[in-house]
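*Asks:* Residue numbers (our numbering): 610 to 779.
Heads up, the beta-carbon is just placed ideally off N, CA and C, and yes, glycines get one too.
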């Protein structure tokens, strides 16, 4: 839906045409400009001077309206692109510590003990194999892959902080 313009512009260039009009005619023209700009109601002037003056003013109002609509459309497209970019940055990666992805296969190991005949199967997350054994806390040694990922993690931390949540399960 197109956004409604907040008003109309008055240009200095119409001053020369307005000098030839009476105060009453200037008032009628101003009312016509406001009605046309807000409601799209074009006046029907019987006086030829008013009709000619109005035709030039109406062209400017139409051009301004079109320019405003184009600007609103560009702003909406830019906002949509910005939101899509932020959403892409907030998507978890398959090898993040607390993410399980349905598209990434997990490895299953079966170990059997010589003293018992039962076997146990455990599923290890994909990121566990890539983690060095000497790293005690994987969050402390993690570094984001891009500025967008860093900003997404930063925003997530700020959101949790604002909600009073702890960072233990972060």
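What would DSSP say about residue 629, mapped onto helix, strand or coil?
*Replies:* Taking the chain shown and counting its residues from 1, the one referred to as residue 629 is at position 20. It is coil, neither helix nor strand.
*Asks:* Any idea what DSSP makes of residue 653, helix, strand or coil?
*Replies:* Along the chain shown, read from residue 1 onward, the residue named residue 653 stands at position 44. Here residue 653 sits in coil by DSSP.
*Asks:* So, with DSSP's three-state summary, where would you put residue 613?
*Replies:* For the purposes of this step, residue 613 is taken as residue 4 along the chain shown, with counting starting at 1. Coil.
*Asks:* Which residues mark the beginning and the end of the alpha helix (DSSP H) in which residue 756 is found?
*Replies:* Along the chain shown, read from residue 1 onward, the residue named residue 756 stands at position 147. Residue 756 -> alpha helix (DSSP H) spans 756-771.
*Asks:* Between 632, 758, 623, which lies nearest to residue 665 when the distance is taken from Cα to Cα?
*Replies:* Working through the chain shown from its first residue, we reach residue 665 at position 56. Checking every option, the nearest Cα to that of residue 665 belongs to 623.
*Asks:* In angstroms, rounded to a whole number, what distance separates the CA positions of residue 635 and residue 617?
*Replies:* Position 26 of the chain shown, counting from 1, holds the residue named residue 635. Position 8 of the chain shown, counting from 1, holds the residue named residue 617. Distance between the alpha carbons of residue 635 and residue 617 is about 16 Å.
*Asks:* Please determine, among 762, 753, 629, the residue with the shortest C-alpha to C-alpha distance to residue 658.
*Replies:* As a working note, residue 658 is residue 49 in the chain shown. The shortest Cα separation from residue 658 among 762, 753, 629 belongs to 629.
*Asks:* Quick one: Cα of residue 632 to Cα of residue 638, how far?
*Replies:* One-based indexing of the chain shown puts residue 632 at position 23. One-based indexing of the chain shown puts residue 638 at position 29. Whole-angstrom Cα-Cα distance: 10 Å.
*Asks:* Where does residue 620 land, buried or exposed, given buried means 16+ other C-beta within 10 angstroms?
*Replies:* Within the chain shown, residue 620 is the residue found at index 11, counting from 1. So residue 620 ends up on the exposed side.
*Asks:* Which residues in the same chain as residue 610 place their Cβ atom closer than 8 Å to its Cβ, once the five residues preceding and following it in sequence are excluded?
*Replies:* Within the chain shown, numbered from 1, the residue matching residue 610 stands at position 1. Its pLDDT being 47, under 50, residue 610 is placed unreliably in this model, and the value from its coordinates should be taken loosely. The answer is none, since no qualifying residue turns up.
*Asks:* For my contact list, residue 672 and residue 645 are in at a C-beta cut-off of 8 Å; report their separation, rounded to the angstrom.
*Replies:* Locating residue 672 in the chain shown gives position 63, counting from the first residue. Locating residue 645 in the chain shown gives position 36, counting from the first residue. With 8 Å as the limit, residue 672 and residue 645 do not qualify as a contact, their Cβ atoms being about 13 Å apart.
*Asks:* Can you give me the C-alpha to C-alpha distance between residue 679 and residue 689, rounded to a whole angstrom?
*Replies:* Start at 1 with the first residue of the chain shown, and residue 679 comes out as number 70. Start at 1 with the first residue of the chain shown, and residue 689 comes out as number 80. Going from the Cα of residue 679 to the Cα of residue 689 covers about 15 Å.
*Asks:* Apart from the five residues just before and just after residue 762, which ones in its own chain have a Cβ nearer than 7 Å to its Cβ?
*Replies:* Residue 762 sits at position 153 when you count from the first residue of the chain shown. So the qualifying residues of the chain are 753.
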